[in-house]
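Residue numbers (my numbering): 407 to 478. Backbone N, C-alpha and C define an ideal beta-carbon position, used for all residues, glycine too. Quick caveat, the model's predicted, so the values are computed rather than measured. Comments concern the structure below.
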């Protein structure tokens, strides 16, 4: 399930928080498809990765999400 939704510069960005590095993110992908979201974010202990449509963002960078999204 989606844990948070960010609205940055008219973009709706769904966020899922995972306790570990793995996870299927089925709800996140379904939300992105239904709402034509160009970006989704997985917050976890995994490494930082913005090479996919779903970014993997470490928990310690959560306060930087608005800045990171605006920079893309």
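Same chain, Cβ closer than 6 angstroms to residue i, neighbours up to 5 away in sequence not counted
i, result
"residue 465", "449"
"residue 461", "447"
"residue 455", "462"
"residue 475", "414"
Residue i Cβ short of 6 angstroms to the ligand FAD heavy atom set
i, result
"residue 416", "What this structure holds is no ligand at all, so the ligand FAD is not there to describe."
Proximity below 7 angstroms, CB of residue i to CB of residue j
i, j, result
"residue 433", "residue 407", "yes"
"residue 446", "residue 438", "yes"
"residue 441", "residue 418", "yes"
With 16 other Cβ atoms within 10 Å as the buried cut-off, status of residue i
i, result
"residue 422", "buried"
Assumed close pair residue i, residue j - CB separation to whole angstroms, cut-off 8 angstroms
i, j, result
"residue 431", "residue 471", "Their Cβ separation, rounded to whole angstroms, is 17 angstroms, which puts residue 431 and residue 471 out of contact at 8 angstroms."
Residues near residue i by beta carbon distance below 7 angstroms, same chain, minus five either side
i, result
"residue 410", "421"
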